[in-house]
């Protein structure tokens, strides 16, 4: 025997509330002037995780972290 089950419609706002303005940081940083191209190499999952966490902690991107690190290494 089939029972009629009422299912409520999902809410239209599924993304949640927007972030508070005081929690948004460094969102107006000027992008790099040059076009980015692929520069692929393999790293361990742990290293990738450390780079990404460093970027988050310092309000930047993993790409910027890697560019700055390689530039510093080359220029020393």
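Residue numbers (UniProt numbering): 1 to 76.
C-beta atoms are modelled at their ideal positions from N, C-alpha and C, and glycine is treated no differently.
Is residue 55 closer than 8 Å to residue 62 when the C-beta atoms are compared? yes
Looking at residue 37: is its Cβ nearer than 8 Å to the Cβ of residue 51? no
Taking only the alpha-carbon atoms, compute the straight-line gap between residue 17 and residue 11 and give it to the nearest angstrom. 13 Å
Go ahead and pull the three-state DSSP assignment for residue 64. helix
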